[in-house]
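Numbering (my numbering), first residue to last: 2 to 995.
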């Protein structure tokens, strides 16, 4: 087994989102990995795509078989022009273009033992059992990690053998546990007290720990991992600290993740004694029956030289008989007496001839993740079999299955899909009209899937892709349809073009307008009336909630997916059948989380607080101040624009003197350092007891964080003023030795105290106004400033450098464990860790639900929500809840219901409208167009009620809001609520049809 010799440095910009999931050391191992992939049908193509996107060192392909029509339903590297060519050779060129850093080559010879020994991992897809046993036995013997992956229609299997002694260096996705230190004693043993006593429950005797950021007892910083002993009083014994320096303050203790060892059986043994991934005994039994079904399918292929024919009852019964005749499976204590589910095996056999894109996407994602586990030693591998089935896509019990005639192959690109669902279902798919919201990582995978299944690929069908963003370089490691030459172009347009190349029949329309309340004139009544369904691939709960509300309003099915790291979910919401979309409360709250101003400015206690402070500093110093100056540089009235008193310090700090040289910028940055981390802290200490407040820092250019702050701040200040900057740290250290620390009085003679500035009602005194007026005069001539908008993905612009350095220094002030630059970038940039495998998996799960939605009315029991954690080998699917029923007096309704009233001729008055709705009779109601437009209230005086009741509805809307109806608007939605003393009930919306 060899690893790839490479001197390539890791492209952190390209793999930035992936690095947050895997970490640097795992990514470096992946970059050196050599993988052999045997089999390039749809499943093999998915595995290959994911591995190349994620940057394996080299990938060797082997599949000499000629491409055929049924391949095209899932193999997106092949086209009609490739029919008859070797699958591997036909796929190699397009696969290599996904990531130029990966060596993609084709092996055309035989699979020999010498060849197998040259790789760390060997993957077999769509292979015969005899080949699996032969290759698997050799790989197990010689320490080569071995995987088998296969899909048959709507069922799939995955097998992993990483050997008898495989070490997982980092078993979990969770970050190492870190806690802040309150005190460490000198002695044997040294006793460590945590700042938060509750954190002690996360440590246990025997844990290995490391230390960082400690002042005083610096010998502990970066030391080898130390074992600890948890005492009853929740303090921690950390070994002998007698000879160490006295502890002063600060620092963090971090629990070290321990490696784990995995032992796998070879395939020849695991075939009869399978260890399956399952969440309960019912899943175990189903998986073992599927295991036997696959064994029987291999036996059928061996006996007849072909797989069972699509929906052929005779072939299916033969498979059932073969399954019953197989040697019984063994448990840990001998043969198991368990009943074979013949109906399950029969259904598997009937649909096994098909090749489906969503199944390939799901299994290919999991298989690729297992390859990465093998080469990176990151996350626990499968133990050892995974079975996944989506037979719920087929008609439920009692409903007829597709007939063999309708599923006969016709030499078209959808043959693999027709073999499962039939030609008539394919026609339904062709005529569907769908809206895809989001063309990012999940959106690209969904669009690829739509092209392969033929959604909107003929007749009146079509797919509209909506996304306002543009392609960035960091997108390329996950967003399969984009290439380097697409950087800077609109995602929707690039994705649409790429999808058409996958299937020239696909009718896809890109729109570059965001879906939100400001674009309802584009995505309005007319637009949604022509849509059959919506798929959402969005990365914020606010955006998801808005799209879901639109689907509820227009009664459209919604397919939705999201990921974070190796965790992913896929959901389906069907009008009047399932529950409506609801954002997870905790996740939605964290997205909008904010901290009290006083905490951020004066009393931070966590790294997140310091990061928010640093981000606010960036915004104030380099964006808001420039914006304020530019707005009022010509208006010399002192009060002009200072309706935000908290900006006073920032504005005056920038305005003191216009810089002319790099030296001026450095002097300003040094002054900012002194003000923020020394003088401001000293001032705060005058107001509060020292045990509640921070400690000032002394500037030291030899300390990297001090230097980085000045370097970043000076460069940003120079950018804002249109001056050249510098990246020369050695020259900067030399310059700083020549510059005296600014005197606080020179820095800001008119600064109010930090405490005064915390008040939004702070007023400017006469002296402050006078000085501000003088300062503004300086800026009445000359070019405007350049406001700097925070940009997280450009590592050369000093934006993240400034925030990271400022937050780290702030953490030192308050004795808070700092965060590293990578975590800083993730938090302040609101970056969601992402990885191609999870993205592909959830897209496959959405594709499976799409089959059910398009297939026609289905009961709630047919649909599935899904959730997975690839790092933990956790997979679960469940039936969605029914819509919650709300009741009030005689009314009953769900989130899907509405009260509908036609406009009538002549148009109705408000009184006629209310009289038409029988459900509202004898109820005291309030009617609003929106929150600030009250049309009617039963609590008004009779005269005002009569005045509004006599108005025509549209006239009343104009009268109350001053706005005319939008052109083409078909419905006026009115909000109704009960108006009572002790009750506040919101009724279903009233749709007044215009």
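Note that CB positions come from ideal geometry on N, CA and C, so glycine has one too.
Using a 10 Å radius around the Cβ and a threshold of 16 neighbouring Cβ atoms, would you call residue i buried or exposed?
{"i": "residue 50", "result": "buried"}
{"i": "residue 556", "result": "exposed"}
{"i": "residue 974", "result": "exposed"}
{"i": "residue 886", "result": "exposed"}
{"i": "residue 875", "result": "exposed"}
{"i": "residue 879", "result": "exposed"}
{"i": "residue 348", "result": "buried"}
{"i": "residue 732", "result": "exposed"}
{"i": "residue 701", "result": "exposed"}
{"i": "residue 644", "result": "Annotation note: pLDDT 48 at residue 644 (below 50); position unreliable, no value reported."}
{"i": "residue 47", "result": "buried"}
{"i": "residue 504", "result": "buried"}
In the structure shown, what three-state DSSP assignment does residue i receive?
{"i": "residue 646", "result": "At residue 646 the pLDDT is 46, less than 50, meaning the model places this residue with poor confidence; the figure from the coordinates comes in the next sentence. The answer is helix: DSSP assigns residue 646 an H, G or I state."}
{"i": "residue 224", "result": "coil"}
{"i": "residue 578", "result": "coil"}
{"i": "residue 477", "result": "helix"}
{"i": "residue 726", "result": "coil"}
{"i": "residue 87", "result": "strand"}
{"i": "residue 842", "result": "helix"}
{"i": "residue 572", "result": "strand"}
{"i": "residue 382", "result": "coil"}
{"i": "residue 870", "result": "strand"}
{"i": "residue 204", "result": "coil"}
{"i": "residue 1", "result": "The question about residue 1 has no answer here: the residues shown for the chain are numbered 2 through 995."}
{"i": "residue 376", "result": "helix"}
{"i": "residue 143", "result": "coil"}
Would you tell me roughly how many angstroms separate the C-alpha atoms of residue i and residue j, rounded to the nearest one?
{"i": "residue 524", "j": "residue 516", "result": "7 Å"}
{"i": "residue 267", "j": "residue 377", "result": "21 Å"}
{"i": "residue 483", "j": "residue 31", "result": "22 Å"}
{"i": "residue 340", "j": "residue 579", "result": "34 Å"}
{"i": "residue 270", "j": "residue 282", "result": "22 Å"}
{"i": "residue 202", "j": "residue 226", "result": "19 Å"}
{"i": "residue 457", "j": "residue 498", "result": "15 Å"}
{"i": "residue 231", "j": "residue 184", "result": "15 Å"}
{"i": "residue 20", "j": "residue 901", "result": "52 Å"}
{"i": "residue 590", "j": "residue 582", "result": "Low per-residue confidence applies at residue 590: pLDDT is 47, beneath 50, and the placement is therefore not dependable, though the value from the model is reported in the following sentence. About 16 Å."}
{"i": "residue 477", "j": "residue 18", "result": "10 Å"}
{"i": "residue 279", "j": "residue 169", "result": "21 Å"}
{"i": "residue 447", "j": "residue 101", "result": "24 Å"}
{"i": "residue 491", "j": "residue 831", "result": "21 Å"}
{"i": "residue 195", "j": "residue 212", "result": "12 Å"}
{"i": "residue 322", "j": "residue 293", "result": "11 Å"}
{"i": "residue 148", "j": "residue 160", "result": "5 Å"}
{"i": "residue 25", "j": "residue 738", "result": "36 Å"}
{"i": "residue 836", "j": "residue 868", "result": "16 Å"}
{"i": "residue 788", "j": "residue 803", "result": "15 Å"}
{"i": "residue 608", "j": "residue 242", "result": "27 Å"}
{"i": "residue 723", "j": "residue 662", "result": "10 Å"}
{"i": "residue 27", "j": "residue 121", "result": "15 Å"}
Ends of the beta strand (DSSP E) at residue i?
{"i": "residue 386", "result": "386–390"}
{"i": "residue 149", "result": "146–153"}
{"i": "residue 35", "result": "35–39"}
{"i": "residue 976", "result": "972–979"}
{"i": "residue 158", "result": "156–162"}
{"i": "residue 861", "result": "From DSSP, residue 861 is part of no beta strand (DSSP E); its letter is neither H nor E."}
Need the endpoints of the alpha helix (DSSP H) that residue i sits in, please.
{"i": "residue 718", "result": "705–721"}
{"i": "residue 463", "result": "Where residue 463 is concerned, there is no enclosing alpha helix (DSSP H), although the beta strand (DSSP E) it sits in stretches over 463–467."}
{"i": "residue 31", "result": "25–32"}
{"i": "residue 426", "result": "424–431"}
At the 9 Å Cβ level, is residue i part of the contact set with chain B, yes or no?
{"i": "residue 297", "result": "Absent from the structure: chain B. Only one protein chain is present."}
Quiz item: For the region 247–327, which segments carrying the beta strand (DSSP E) assignment without a break, of at least 3 residues, lie completely within its bounds, in sequence order?
Solution: Listed in chain order, the complete beta strand (DSSP E) runs (minimum 3 residues) inside the region 247–327 are 253–256 and 261–263.
key: In chain order, each beta strand (DSSP E) run of at least 3 residues that lies wholly inside the region 894–953   = Listed in chain order, the complete beta strand (DSSP E) runs (minimum 3 residues) inside the region 894–953 are 900–903, 926–931 and 934–938.
Exercise. Which runs of the beta strand (DSSP E), 3 residues or longer, sit entirely within the region 499–569?
Worked result: Within the region 499–569, the complete beta strand (DSSP E) runs of at least 3 residues are 509–512, 534–537 and 559–565.
Segments assigned alpha helix (DSSP H), at least 4 residues, entirely inside the region 593–632: Qualifying alpha helix (DSSP H) stretches, in chain order: 598–602 and 608–620.
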